[in-house]
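Working notes, beginning with the structure itself.
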Ligand SMILES: C[S@@+](CC[C@H](N)C(=O)[O-])C[C@H]1O[C@@H](n2cnc3c(N)ncnc32)[C@H](O)[C@@H]1O
C-alpha cells in the first residue's frame, strides 16, 4: 500500500492522491505508526442499525458498526501523528455513539460542527393517524391527525477531535511532529463595517481574535474577520449570489434578523455558507455505468474542513473514501491524501474523480 504519494515537478492535483481497495481495518493494520498528519472521513453512519434492528439483515455498506467501535479509532490514532486532527462526519441519530467511541480511543473531542442544510429527506416518515388505523387503533387515530414519527433532517454533525492525551501540550506536539491545530485565519468571516471595541483586557464577542492573546499583543491590528464558527450553512439548491430561495436557511436567518439593534444581519457575518447542494451537484458527483456513490459530499464543504485542519504538503488519510470527495478537496489544497474503500463498485468512481482532476487545468 502506498502511503506516501509524492509530489512531482509540475504535477497535477490528481498526483497528490491515491486510494487502495481494502477493508479499512485490514489496511490500517498494515500502516506504520505516526504516519499521517490528519484523518478526514465520512464513515458509515450505521443508520440501518439504529433505525430498526430488523434491518440488520439487509446487505448494505452502512450496516457495519465500525464507526462506533473504539478499537477501530484506536488503530486510527496509532497511525496518526501526536496532535493530529481527526474530522469525522456523522448523522444526527448516531453521531453520539461515534463521538464516544472516538473519545474512548484516546482522542480529545475539540468540537462538533453543525452543518445546516435544511434539505434532508425524511425517509421513513409516517402519518401516525394512518399507522394507528393500520394496527387497529381506530379509537385514538383521529386524535393523531397531523402527527408524525420523525422530523426532517436538516443538519449533519461533524466531529472534530485531535490525537491529544489529557497531559499533552498541543504546541509541544506540533513542535515535535508538525501536525495539529486549526488554521483559523484561512477561514475568518468578513466583519464588514461593524464597530469593534478595543477596551484592553475585555472579552469582546465582536472581536474574538483578542481572546486568549497575550497582553502584549492586544494592540496588534486584528486579522480581517471573525474566528470561523462551528456552524456551517448550506444555501438551498436554487440559490446564487444574487437571490436565495424561500426555503434557504441562510435567507431565513436574514429574515428573522440576528441583531437586537433592529437591523437585519447578513448571516455571512456569523456563519460560513456554501452555494452547493448538500448531496453534491450532479456535475460534482462521479458516475460510471449509472452508478454513483452513497452519500457523496460537496467538495466545497470538504475543502473548508481540509483548510481548517491541514497545511499544504501534509498527508491525510480517509479510511472510508467512497467516491473520493475528501481526496479531491485535499488535492485542490495541495495536500497529499490516501483513501481506503472496501466496495469494488465505487473504485471506478474514485478513478474517474482522479482522472477529472488530472485533466482539469491547475
Ligand atoms: C458515507 S460513504 C463515504 C462517501 C464519501 N464521503 C463521498 O463523498 O463519496 C462511506 C463509505 O465507506 C465505505 N466503507 C464502509 N465500510 C468500510 C470498511 N470497513 N472499510 C472501507 N470502506 C468502508 C462504504 O463502501 C462507503 O463508500
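In my numbering, the protein residues as written are -2 to 359.
We treat Cβ as the ideally placed atom computed from N, Cα and C, and that holds for glycine.
Option in the options with minimal Cα separation from residue i
{"i": "residue 142", "options": "129, 98, 325 and 113", "result": "129"}
{"i": "residue 350", "options": "133, 223, 326 and 32", "result": "326"}
{"i": "residue 324", "options": "306, 347, 341 and 339", "result": "347"}
{"i": "residue 297", "options": "288, 328 and 310", "result": "328"}
{"i": "residue 235", "options": "247, 86, 228 and 227", "result": "247"}
{"i": "residue 249", "options": "238, 237 and 232", "result": "232"}
{"i": "residue 82", "options": "93, 156, 114 and 27", "result": "156"}
{"i": "residue 293", "options": "300, 287, 281 and 301", "result": "281"}
{"i": "residue 333", "options": "314, 228 and 106", "result": "314"}
{"i": "residue 39", "options": "319, 339, 354 and 356", "result": "319"}
{"i": "residue 286", "options": "345, 36 and 22", "result": "345"}
{"i": "residue 93", "options": "115, 138, 153 and 160", "result": "153"}
{"i": "residue 117", "options": "173, 9, 245 and 74", "result": "245"}
{"i": "residue 312", "options": "169, 23, 37 and 9", "result": "37"}
{"i": "residue 268", "options": "309, 187 and 104", "result": "187"}
{"i": "residue 308", "options": "288, 108, 330 and 295", "result": "330"}
{"i": "residue 87", "options": "79, 34, 158 and 240", "result": "158"}
{"i": "residue 226", "options": "125, 165, 107 and 30", "result": "107"}
{"i": "residue 163", "options": "9, 104 and 335", "result": "104"}
{"i": "residue 340", "options": "18, 151, 22 and 241", "result": "18"}
{"i": "residue 283", "options": "322, 242, 173 and 151", "result": "322"}
{"i": "residue 178", "options": "31, 306 and 357", "result": "306"}
{"i": "residue 30", "options": "134, 91 and 174", "result": "174"}
{"i": "residue 111", "options": "150, 243, 288 and 251", "result": "150"}
{"i": "residue 35", "options": "73, 185, 22 and 165", "result": "73"}
Supposed contact pair residue j and residue i - C-beta distance, whole angstroms, cut 8 Å
{"i": "residue 317", "j": "residue 89", "result": "That pair is no contact at about 18 Å."}
{"i": "residue 228", "j": "residue 337", "result": "Contact doesn't hold; Cβ gap of about 30 Å is too wide."}
{"i": "residue 167", "j": "residue 310", "result": "In fact, because the Cβ distance is near 20 Å, the residues do not count as touching under 8 Å."}
Distance, residue j Cα to residue i Cα
{"i": "residue 343", "j": "residue 95", "result": "24 Å"}
{"i": "residue 148", "j": "residue 119", "result": "7 Å"}
{"i": "residue 77", "j": "residue 121", "result": "38 Å"}
{"i": "residue 71", "j": "residue 99", "result": "8 Å"}
{"i": "residue 101", "j": "residue 67", "result": "6 Å"}
{"i": "residue 16", "j": "residue 69", "result": "19 Å"}
{"i": "residue 84", "j": "residue 136", "result": "49 Å"}
{"i": "residue 61", "j": "residue 43", "result": "6 Å"}
{"i": "residue 352", "j": "residue 11", "result": "7 Å"}
{"i": "residue 50", "j": "residue 65", "result": "Because the pLDDT at residue 50 is just 45, under 50, the model does not fix this residue reliably, and the value given afterwards should be weighed accordingly. Residue 50 and residue 65: Cα-Cα distance of roughly 15 Å."}
{"i": "residue 63", "j": "residue 20", "result": "11 Å"}
{"i": "residue 183", "j": "residue 304", "result": "7 Å"}
{"i": "residue 132", "j": "residue 123", "result": "13 Å"}
{"i": "residue 222", "j": "residue 301", "result": "16 Å"}
{"i": "residue 161", "j": "residue 115", "result": "34 Å"}
{"i": "residue 25", "j": "residue 238", "result": "43 Å"}
{"i": "residue 207", "j": "residue 224", "result": "The predicted position of residue 207 is uncertain, since its pLDDT is 40 and thus under 50; no value can be drawn from it."}
{"i": "residue 33", "j": "residue 355", "result": "24 Å"}
{"i": "residue 138", "j": "residue 145", "result": "12 Å"}
{"i": "residue 209", "j": "residue 170", "result": "Because the pLDDT of residue 209 is 45, which lies under 50, any placement of that residue in the model is unreliable, and the number read from its coordinates should be weighed accordingly. About 20 Å."}
{"i": "residue 13", "j": "residue 140", "result": "60 Å"}
{"i": "residue 109", "j": "residue 126", "result": "36 Å"}
{"i": "residue 180", "j": "residue 75", "result": "24 Å"}
{"i": "residue 362", "j": "residue 176", "result": "Because the chain in this structure spans residues -2 to 359, residue 362 falls outside the shown range and cannot be described."}
{"i": "residue 299", "j": "residue 134", "result": "47 Å"}
{"i": "residue 252", "j": "residue 295", "result": "26 Å"}
{"i": "residue 241", "j": "residue 165", "result": "46 Å"}
{"i": "residue 230", "j": "residue 185", "result": "15 Å"}
{"i": "residue 97", "j": "residue 288", "result": "34 Å"}
Endpoints, beta strand (DSSP E) assigned at residue i
{"i": "residue 35", "result": "33 to 38"}
{"i": "residue 14", "result": "14 to 18"}
{"i": "residue 338", "result": "333 to 338"}
{"i": "residue 111", "result": "105 to 113"}
{"i": "residue 80", "result": "77 to 86"}
Residue range of the unbroken alpha helix (DSSP H) whose run includes residue i
{"i": "residue 301", "result": "296 to 306"}
{"i": "residue 95", "result": "92 to 101"}
{"i": "residue 123", "result": "No alpha helix (DSSP H) contains residue 123, which DSSP labels as neither H nor E."}
{"i": "residue 244", "result": "Careful: residue 244 lies outside any alpha helix (DSSP H) and carries neither H nor E."}
{"i": "residue 410", "result": "Any property of residue 410 remains undetermined from this structure, which presents the chain solely from -2 to 359."}
{"i": "residue 167", "result": "167 to 174"}
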